[in-house]
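Residue numbers (UniProt numbering): 1 to 327.
Cβ coordinates follow ideal geometry from the N, Cα and C atoms, glycine included.
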Amino acid sequence: MTNHNSIPKIYVAGHRGMVGSAIVRQLIGHGHDPELIIGRTHAELDLTDQAAVRQFFNQEKPDQVYLAAAKVGGIHANNAYPAEFIYDNLMVQANVIDAAFRSGVKKLLFLGSSCIYPKLAPQPMAESALLTGFLEPTNEPYAVAKIAGIKICESYNRQYGTEYGVDYRSVMPTNLYGPGDNYHPENSHVIPALIRRFHEAKVSKAPVVTIWGSGKPFREFLYVDDMASASVHVMNLPKDIYDRHTSPMQSHINVGFGSDITIAELAHTVGKVIGYPGQITFDTSKPDGTPRKLMDSSRLNALGWKATVELETGLSVAYQDFLTRNA
1 MTNHNSIPKI YVAGHRGMVG SAIVRQLIGH GHDPELIIGR THAELDLTDQ
51 AAVRQFFNQE KPDQVYLAAA KVGGIHANNA YPAEFIYDNL MVQANVIDAA
101 FRSGVKKLLF LGSSCIYPKL APQPMAESAL LTGFLEPTNE PYAVAKIAGI
151 KICESYNRQY GTEYGVDYRS VMPTNLYGPG DNYHPENSHV IPALIRRFHE
201 AKVSKAPVVT IWGSGKPFRE FLYVDDMASA SVHVMNLPKD IYDRHTSPMQ
251 SHINVGFGSD ITIAELAHTV GKVIGYPGQI TFDTSKPDGT PRKLMDSSRL
301 NALGWKATVE LETGLSVAYQ DFLTRNA
């Protein structure tokens, strides 16, 4: 049941996570009534439990859903827990999307990941690269689950779009960072890991920080509030415009910053933001990973959205967030 003043009731799945909390900030910043944005913690609602998810949707009857809930982690976690990564993510996606449909939700946005693309995809990676080659083995279970999420959305659109007005869309972000990130020493991604390392080196007055690899690979990074702004933009695009820029079986949209930097440049920028005065060296005996991972975001740019937060600005906010949470 839509409320009287036609402001939609929005369920943000994963509202406590880095991306979900940024989407909530974005919606409130756009003037959305905070009382009409709902979320549930994992303790309140286990999204892998189909009956519980259906009951939640039947009770709350949201109008729109942002599906930002996922089991995530770095290379170590993906390698150590492949069964959990594929099972939990598939269950969450299938349960939320199906329960949304059954309770009458017309609009849903599914958030994926750039790891859906083949390991050796041409750079920059366009949406058309999906399912054209082998995935990166270390996070294949997670990537397969995310690809399934796109295909669940597309399948529900194809089967129920015309009759029920279902309009389920997908966005695929590049590497994200910002407030609410995970700074765990082993399980975090590259930016939060570097923030922690440089901060600890500054505090302990360590003369040198050594970075794994040659520092030569290129990576693209997007500030999480930019991702949230892109998500709201895509969700609210008129259907005819979204349809014109996508196709029924290739409907996902890349969300990237638009350019990349080397890991060496990244390390020096993080060091500068944190105020680390020492030396930065590279351990070339350690693996580099893929030489380059850049998203082709021209489809999204053509739809009227572009990233605005520069890396140094975003890193400053991320570092303040790290200090607040690790004081």
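Exercise. Would Tyr11 pass as a contact of Val65 if the rule is Cβ separation under 8 Å?
Worked result: Indexing the sequence shown from 1 puts residue 11 at position 11. Indexing the sequence shown from 1 puts residue 65 at position 65. The Cβ atoms of Tyr11 and Val65 lie closer than 8 Å to each other.
Exercise. How big is the Cα-Cα spacing for Val96 and Leu237?
Worked result: Start at 1 with the first residue of the sequence shown, and residue 96 comes out as number 96. Start at 1 with the first residue of the sequence shown, and residue 237 comes out as number 237. Spanning the alpha carbons of Val96 and Leu237 requires a straight line of approximately 22 Å.
Exercise. Measuring CA to CA, which of Thr262, Ala94 and Arg25 is closest to Phe110?
Worked result: As a working mapping, residue 110 is identified with position 110 in the sequence shown. In terms of CA proximity to Phe110, Ala94 leads the group Thr262, Ala94 and Arg25.
For this session: Tell me whether Tyr164 is buried or exposed, calling it buried when 16 or more other Cβ atoms sit within 10 Å of its Cβ.
Result: Position 164 of the sequence shown, counted from the first residue, corresponds to residue 164. By the Cβ neighbour-count rule, Tyr164 is exposed, with fewer than 16 other Cβ atoms within 10 Å of its own.
For this session: Compute every distance between the C-beta of Pro82 and the non-hydrogen atoms of the ligand MG, then say whether any falls below 7 Å.
Result: With respect to the ligand MG, the structure offers nothing, as it holds no ligand at all.
Exercise. For the segment 78-114, which segments carrying the alpha helix (DSSP H) assignment without a break, of at least 4 residues, lie completely within its bounds, in sequence order?
Worked result: Complete alpha helix (DSSP H) runs here, min 4: 82-102.
For this session: Report the option in His76, Lys205, Pro124 and His32 whose CA atom is closest to the CA atom of Arg219.
Result: Taking the sequence shown and counting its residues from 1, the one referred to as residue 219 is at position 219. Ranking the options by Cα distance to Arg219, first place goes to Pro124.
Exercise. What is the C-beta distance between Ile23 and Ser231, in whole angstroms, given that I count them as a contact (C-beta under 8 Å)?
Worked result: In the sequence shown, residue 23 corresponds to position 23, counting from 1. In the sequence shown, residue 231 corresponds to position 231, counting from 1. Yes, Ile23 and Ser231 are in contact; Cβ-Cβ is about 6 Å, under 8 Å.
Exercise. Based on the DSSP secondary-structure assignment, which residues constitute the bridge partners of Trp212?
Worked result: Stepping through the sequence shown from its first residue, residue 212 is reached at position 212. DSSP output for Trp212 lists Asp283 as bridge partner(s).
Problem set entry | Limits of the unbroken alpha helix (DSSP H) element including Ser21 | Residue mapping note: residue 21 aligns to position 21 of the sequence shown, counting from 1. Unbroken alpha helix (DSSP H) run through Ser21: Met18 to Gly29.
Exercise. Sorted by chain position, which residues of the same chain lie with C-beta nearer than 6 Å to Leu108's C-beta, five sequence neighbours on each side aside?
Worked result: Reading the sequence shown from its first residue, position 108 is the one you call residue 108. So the qualifying residues of the chain are Val65, Ala100 and Tyr168.
For this session: Ignore the nearest five residues each way along the sequence and tell me which others in Ile147's own chain have a CB closer than 6 Å to its CB.
Result: Counted from its first residue, the sequence shown places residue 147 at position 147. Taken in chain order, the residues that qualify are Ile116.
For this session: Give a yes or no on contact between the segment 242-254 and the segment 192-205, applying the rule of three or more CB pairs nearer than 8 Å.
Result: Because the criterion of three Cβ pairs below 8 Å is not met, the segment 242-254 and the segment 192-205 do not touch.
Exercise. For Val65, which three-state DSSP category applies?
Worked result: The residue you call residue 65 lines up with position 65 of the sequence shown. The answer is strand: DSSP assigns Val65 an E or B state.
Exercise. Around the C-beta of Ala318, are 16 or more other C-beta atoms found within 10 angstroms, so that it is buried, or is it exposed?
Worked result: The sequence position of residue 318 within the sequence shown is 318, counting from 1. Burial call: buried.
Exercise. If you draw a straight line from the alpha carbon of Leu300 to that of Val19, how long is it in whole angstroms?
Worked result: One-based indexing of the sequence shown puts residue 300 at position 300. One-based indexing of the sequence shown puts residue 19 at position 19. Looking at the two C-alpha atoms, the distance is approximately 18 Å.
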